[in-house]
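Heads up: the sequence shown runs through residues -15 to 189, numbered per our numbering. Every residue, glycine too, gets a C-beta built ideally from N, C-alpha and C. Just so it is clear, the structure is predicted and the values come from calculations on it, not from any experiment.
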Amino acid sequence: MKALAGGLLATVAACIAIAPSSLAAGQAPHAVAVQTTVTGEITKLGPAKIAIGHVGCAVPARLAVSAGRFVVTDPVRITCLNGKLRSVEYSPELATAQSSQPGGGNAPTTVPTPPAAGAPTNGLKGAYAISVLFLGGPPPGETATVAGTIDDIESSSVTVAGMTCSFHSFPNSTIFAGPQIGDSVTLTCTAGQLIRLATIGMVSR
């Protein structure tokens, strides 16, 4: 069993299929990348990298100015493709729910919402969803979805409510930098391959 620790974050990822015409005749669809959108407080920021918790993305030169408008602790939404930043913007949804101090960059000043009695006070709340991109569309086969808590996370698989999905690791991708054992999620697999993993409601760290 391996719990992959991550900073408190919210992640939304889109499953994008590259046109089937790009496949060779008879070639089966296969996973090619992971696109992830993460919402949370910036924990690290530099000329070449931006990170929310343990999810970090390389900042290309064309987006250096956009990323430079923010500072550490600003609530933002970043979209990455295989670990490379594609966009970054202020997240008003997170700003209204965050329990830590607001940042001083491009983010507007917000008043943190006090946590409920007995709730953790040293983290943020968020949600995540991670989807895999396939060349030629999702793999053929039966699709199944289960809801429950994450039972196990390994280097190439995740198990929820007794159902295990496999996935491929991609260089510089941010796959599974945030999910942890015990998170309440929905898991979707097609032919045993991961299609989507998403939280049910909010998670705390």
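Rounding to the nearest angstrom, what Cα-Cα distance links residue i and residue j in this structure?
i, j, result
"G40", "P124", "32 Å"
"P98", "T143", "Reliability of the predicted coordinates at P98 is poor, the pLDDT of 41 falling under 50, and no value is obtained from them."
"T172", "F54", "35 Å"
"K33", "D136", "29 Å"
"S150", "A17", "14 Å"
"V169", "A45", "36 Å"
With burial defined as no fewer than 16 other Cβ atoms inside 10 Å of the residue's Cβ, what is the status of residue i: buried or exposed?
i, result
"S75", "buried"
"V49", "exposed"
"A8", "Note on A8: pLDDT 48, under 50, position unreliable in the model; the coordinate value appears next. Under this definition A8 is an exposed residue."
"A131", "exposed"
"G146", "exposed"
"P122", "buried"
"G67", "buried"
With the cut-off set at 9 Å, would you say residue i and residue j are in Cβ contact?
i, j, result
"I184", "P163", "no"
"P194", "L29", "The chain is shown only over -15 to 189; residue 194 falls outside these bounds and no answer can be derived."
"R180", "V116", "yes"
"T63", "Q19", "yes"
In the DSSP assignment, what are the bridge partners of residue i?
i, result
"R180", "S115 and T172"
"S71", "T63"
"E77", "For E77, which the question treats as bridged, DSSP gives no partner whatsoever."
"A42", "K33 and K68"
Can you tell me where the alpha helix (DSSP H) holding residue i begins and where it ends?
i, result
"S140", "That residue, S140, is in no alpha helix (DSSP H); it is neither H nor E in DSSP."
"G52", "A48 to G52"
Taking residue i as part of the beta strand (DSSP E), name the residues at either end of that continuous run.
i, result
"T148", "M147 to S150"
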